Amino acid sequence: MTSPLASRFAPSPTGSLHLGNLRTALYAWLVARRAGGRFVLRIEDTDRMRSDEAKIAELIEDLTWLGLDWDGGPGQDDGTGPYRQSERAASHEAAFGKLLAGGHAYPCYCTEEELEAERQSALRQKRPPRYSGRCAVLDAAGRAAREAEGRRASLRFRLPPGQRLAWDDLVRGPQSFRSDDLGDFVIRRADGSAAFLSSNAIDDAAMGITLVLRGEDHVANTPRQRVLIEALGATPPQYAHLPLLVGPQHAPLSKRDGAMSVRSLRERGYLPGAVANLLLRLGHSGAEDGYHEVAAMPAQFDLKALGHAPAHVDELQLNHWQHEALLRCEDAALVDWVRGKTPAGLELATVATLRKNILLKADAERWCGRLYGSLEDPDAEARSVLAAAGPAFFDALLAAGACDYDALVTAAKGTGAKGKGLFQPLRLALTGTLEGPELRPVLALMPPELIRTRFERARALSTV
RNA sequence: GCUCCCAUCGUCUAGAGGCCCAGGACACAGCCCUCUCAAGGCUGGUACGAGGGUUCGAAUCCCUCUGGGAGCGCCA
Numbered sequence: 016m017t018s019p020l021a022s023r024f025a026p027s028p029t030g031s032l033h034l035g036n037l038r039t040a041l042y043a044w045l046v047a048r049r050a051g052g053r054f055v056l057r058i059e060d061t062d063r064m065r066s067d068e069a070k071i072a073e074l075i076e077d078l079t080w081l082g083l084d085w086d087g088g089p090g091q092d093d094g095t096g097p098y099r100q101s102e103r104a105a106s107h108e109a110a111f112g113k114l115l116a117g118g119h120a121y122p123c124y125c126t127e128e129e130l131e132a133e134r135q136s137a138l139r140q141k142r143p144p145r146y147s148g149r150c151a152v153l154d155a156a157g158r159a160a161r162e163a164e165g166r167r168a169s170l171r172f173r174l175p176p177g178q179r180l181a182w183d184d185l186v187r188g189p190q191s192f193r194s195d196d197l198g199d200f201v202i203r204r205a206d207g208s209a210a211f212l213s214s215n216a217i218d219d220a221a222m223g224i225t226l227v228l229r230g231e232d233h234v235a236n237t238p239r240q241r242v243l244i245e246a247l248g249a250t251p252p253q254y255a256h257l258p259l260l261v262g263p264q265h266a267p268l269s270k271r272d273g274a275m276s277v278r279s280l281r282e283r284g285y286l287p288g289a290v291a292n293l294l295l296r297l298g299h300s301g302a303e304d305g306y307h308e309v310a311a312m313p314a315q316f317d318l319k320a321l322g323h324a325p326a327h328v329d330e331l332q333l334n335h336w337q338h339e340a341l342l343r344c345e346d347a348a349l350v351d352w353v354r355g356k357t358p359a360g361l362e363l364a365t366v367a368t369l370r371k372n373i374l375l376k377a378d379a380e381r382w383c384g385r386l387y388g389s390l391e392d393p394d395a396e397a398r399s400v401l402a403a404a405g406p407a408f409f410d411a412l413l414a415a416g417a418c419d420y421d422a423l424v425t426a427a428k429g430t431g432a433k434g435k436g437l438f439q440p441l442r443l444a445l446t447g448t449l450e451g452p453e454l455r456p457v458l459a460l461m462p463p464e465l466i467r468t469r470f471e472r473a474r475a476l477s478t479v
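Okay, so the first sequence: first residue is 16 according to our numbering, each after it adds one.
Laid out in structure tokens, this is it:
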């Protein structure tokens, strides 16, 4: 029993993943999981630029972090591997031989300089810069002459002239390109390596991929890849092209957008659920309101609910989902935020106390300083609150003898303080700020000596 | 230069001619609750890029403009 749908994510391990890549991966995974189909992860490290293991490991780590898994891919075999493109060269070669034999490909002897000159002159004449096809008409003698010159040939795919190349895009609807507008494209470089356009398509066909979901920067590649696959005697997959993501200034989200790289998001403390919930809504309206666990997202995803306009990444919304994710996650998932910044053994308790009042790792660090370290200088508002409480207030706290919440509140009430007039100076004296978690658990965390020090400090400040 | 795609609150979006003086979510403001903040509850403000058509009627259809995105590689 074979599954009807197979989708894939095919990143090249150059640079680190940004939100746009991650969204493509998530969506491809969601369609597969929703349909009960296969999801394949294929690493597109070309054989010429063999990628380093660290980048591949990082890629896998980022995807796993989000909650994605794959039926075929690194560490998981479904019989359609290998899953590194650099290990599929033999299959590419076989395909090139087949195309050559069928007259669908021809050697091209043009050098990069010649092609560049051709492009420039086309541009000057205000014409689209595409390959003229001059090597397509070479006869045996012409080829021999060029080889005698020592030229090394690349291989180009011969597009059928005067045709309308059409397909039904699952997101964008009916699409159509004129073959004459595209130009014959390189499928194998002069150095013998397979070019993206061909290897990507050949692998999809060979791995039984039935749905290619990718960014809309690939739409113009689609007609070429479809004819190539058909020339190989296979059936092209269906295609779905997502509008790209744009960043803060309507600018495209690029790999340079460091703040939006999965890496830096993770380092700042964003949780996978937060990122996934944001991505689920960027350009997609199929999900019900509210937070969804990644595992439950496939039911919330619908290809037909994808928009056609570029979507804008908004940090405020990411923060909202971060808040939601924070309320739901295990305390244990957050201990890394405070490790080494609390007294030994208090990591979990600290996290449990803080989690509703912090958003990111930096907030946790700031709070660890307040609970166990030293306080910053008070601002004008803080000074006036302390002064209003007066030294007698803090004398009473110091005299209480105990440092638990009930004892201290009782002692403070003895001075006649109540309500805001009680809790504001108490909180301020202890934590240096007017906002934060409930005082009872905060007091339970702080060392008694530190509590006394803080009261003494507040008392001194209150007399100024 | 040429080709293609897109255009609703600050942001993500609902809306496929009358149900829309435009709905939801986030953010924002006010109130309630509360030891603070958050959470929760209630209330509120904010949008159909511009101009022309078509129609009894347009956010929805057509054209132009403007704005944004993508592509035109021996990059992926």
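Glycine included, each C-beta is placed from N, C-alpha and C at the ideal position. Since we're looking at a predicted model, the values are computed, not measured.
Just reading off the alpha helix (DSSP H) that residue 112 is part of, what are its end residues?
Along the first sequence, one-based indexing puts residue 112 at 97. 104-116 is the extent of the alpha helix (DSSP H) around residue 112.
Determine the burial state of residue 213: buried for a count of at least 16 other Cβ atoms within 10 Å of its Cβ, exposed for fewer.
Residue 213 sits at position 198 when you count from the first residue of the first sequence. That one is buried.
Counting along the chain, where does the alpha helix (DSSP H) carrying residue 157 start and finish?
On the first sequence, position 142 is the one that residue 157 refers to. That run of the alpha helix (DSSP H) goes 155-163.
Across which residues does DSSP place residue 382 in a beta bridge pair?
For the purposes of this step, residue 382 is taken as residue 367 along the first sequence, with counting starting at 1. In DSSP, residue 382 forms no bridge with anything.
Which of helix, strand or coil does DSSP assign to residue 266?
On the first sequence, residue 266 is found 251 positions in, with the first residue counted as 1. Residue 266 falls in the coil class under three-state DSSP.
Within the chosen definition, does the segment 67-86 reach the segment 165-182 through at least 3 CB pairs nearer than 8 Å?
Here the segment 67-86 does not lie against the segment 165-182, with fewer than 3 beta-carbon pairs under 8 Å apart.
Determine the extent of the beta strand (DSSP E) in which residue 230 is found, giving its start and end residues.
Position 215 of the first sequence, counted from the start, is the residue given in the question as residue 230. Element bounds for residue 230: 226-230.
Inter-residue spacing [alpha-carbon to alpha-carbon] between residue 195 and residue 243:
Numbered from 1 along the first sequence, position 180 holds the residue referred to as residue 195. Numbered from 1 along the first sequence, position 228 holds the residue referred to as residue 243. Those two C-alpha atoms are separated by around 15 Å.
Taking 8 Å as the cut-off, does the segment 344-352 touch the segment 322-333 (at least 3 CB pairs, one atom from each stretch)?
no
Residue 209: first and last residue of the uninterrupted beta strand (DSSP E) it sits in:
In the first sequence, the residue the question calls residue 209 occupies position 194. Where residue 209 is concerned, there is no enclosing beta strand (DSSP E), given that its DSSP letter is neither H nor E.
Opposing strand residues paired with residue 23 [DSSP bridges]
Start at 1 with the first residue of the first sequence, and residue 23 comes out as number 8. DSSP output for residue 23 lists 55 as bridge partner(s).
For residue 299, which residues of its own chain have a beta-carbon under 6 Å away from its beta-carbon, when the five flanking residues on both sides are left out?
For the purposes of this step, residue 299 is taken as the residue at position 284 of the first sequence. Around residue 299: 320, 321.
Taking the runs of the beta strand (DSSP E) that are 3 residues or longer, which of them lie wholly in the segment 159-193?
169-172, 179-184, 188-193
Stretch-stretch touch, CB-based, cutoff 8 Å, three pairs: the segment 123-143 with the segment 179-189
no
Counting only the same chain and skipping the five closest in sequence on each side, list residues whose C-beta sits under 6 Å from that of residue 216.
Taking the first residue of the first sequence as 1, we reach residue 216 at position 201. So the qualifying residues of the chain are 240, 243, 244.
Pull up the distance between the alpha-carbon of residue 16 and that of residue 225, whole angstroms please.
Translated into positions along the first sequence, residue 16 becomes position 1. Translated into positions along the first sequence, residue 225 becomes position 210. Model confidence at residue 16 stands at a pLDDT of 43, short of 50, so the residue's coordinates are unreliable and nothing is read from them.
Which residues mark the beginning and the end of the alpha helix (DSSP H) in which residue 420 is found?
Residue 420 sits at position 405 when you count from the first residue of the first sequence. Here the alpha helix (DSSP H) through residue 420 covers 420-428.
Do residue 324 and residue 315 have their C-beta atoms within less than 8 Å of each other?
As a position in the first sequence, residue 324 is number 309, starting the count at 1. As a position in the first sequence, residue 315 is number 300, starting the count at 1. Result no, Cβ atoms of residue 324 and residue 315 do not sit closer than 8 Å.
Residue range of the alpha helix (DSSP H) that includes residue 135:
Within the first sequence, numbered from 1, the residue matching residue 135 stands at position 120. Looking at the DSSP string, the run of the alpha helix (DSSP H) that includes residue 135 is 127-139.
Validate contact between the segment 140-150 and the segment 279-289 using beta carbons, cut 8 Å, 3 pairs:
no
Continuous alpha helix (DSSP H) assignments of at least 4 residues falling wholly in the segment 267-307:
277-283, 287-296
Alpha carbon to alpha carbon, what distance is there between residue 58 and residue 467?
Residue mapping note: residue 467 aligns to position 452 of the first sequence, counting from 1. Residue mapping note: residue 58 aligns to position 43 of the first sequence, counting from 1. Spanning the two alpha carbons is a distance of roughly 59 Å.
Give the DSSP-derived three-state secondary structure of residue 145 in the structure shown.
Locating residue 145 in the first sequence gives position 130, counting from the first residue. In the structure shown, residue 145 sits in coil (DSSP, three-state: anything other than H, G, I, E or B).
C-alpha distance - residue 48 paired with residue 20, whole-angstrom precision:
Working through the first sequence from its first residue, we reach residue 48 at position 33. Working through the first sequence from its first residue, we reach residue 20 at position 5. Roughly 9 Å separates the two Cα atoms.
Around the C-beta of residue 351, are 16 or more other C-beta atoms found within 10 angstroms, so that it is buried, or is it exposed?
Locating residue 351 in the first sequence gives position 336, where the first residue counts as 1. Exposed, by the Cβ-count rule.
Which residue's Cα is closest to the Cα of residue 68: 200, 50, 99?
By 1-based counting over the first sequence, the position of residue 68 is 53. When each option's Cα is compared against that of residue 68, the closest is 99.
So, for residue 382: in the same chain, excluding its five sequence neighbours on each side, which residues have a beta-carbon less than 6 Å away from its beta-carbon?
Translated into positions along the first sequence, residue 382 becomes position 367. Excluding positions up to five away in sequence, the list reads 369.
What span of residues does the beta strand (DSSP E) with residue 257 cover, start to end?
As a position in the first sequence, residue 257 is number 242, starting the count at 1. From DSSP, the beta strand (DSSP E) with residue 257 extends over 253-257.
Determine, using beta carbons only, whether residue 33 and residue 261 come nearer to each other than 8 Å.
Your numbering for residue 33 matches position 18 in the first sequence. Your numbering for residue 261 matches position 246 in the first sequence. Their beta carbons are not under 8 Å apart, which means residue 33 does not touch residue 261 by this criterion.
Quick check on this structure: which residue in 311, 201, 131, 408 has the alpha carbon closest to the alpha carbon of residue 44?
On the first sequence, position 29 is the one that residue 44 refers to. Of 311, 201, 131, 408, the residue nearest in Cα terms is 311.
Distance, residue 183 Cα to residue 92 Cα:
Numbered from 1 along the first sequence, position 77 holds the residue referred to as residue 92. Numbered from 1 along the first sequence, position 168 holds the residue referred to as residue 183. Distance between the alpha carbons of residue 92 and residue 183 is about 31 Å.
In the DSSP assignment, find the alpha helix (DSSP H) that holds residue 122 and state where it starts and stops.
Translated into positions along the first sequence, residue 122 becomes position 107. Per DSSP, residue 122 belongs to no alpha helix (DSSP H); it is in the beta strand (DSSP E), 120-123.
Kindly indicate which three-state DSSP category residue 261 falls into: helix, strand or coil?
Against the first sequence, residue 261 aligns to sequence position 246. Strand, per DSSP.
Using the C-alpha atoms, what's the distance from residue 448 back to residue 396?
By 1-based counting over the first sequence, the position of residue 396 is 381. By 1-based counting over the first sequence, the position of residue 448 is 433. Each residue's alpha carbon lies about 10 Å from the other.
Can you give the Cα-Cα distance for residue 337 and residue 29, rounded to whole angstroms?
Here residue 337 corresponds to residue number 322 of the first sequence, with the count starting at 1. Here residue 29 corresponds to residue number 14 of the first sequence, with the count starting at 1. Spanning the two alpha carbons is a distance of roughly 28 Å.
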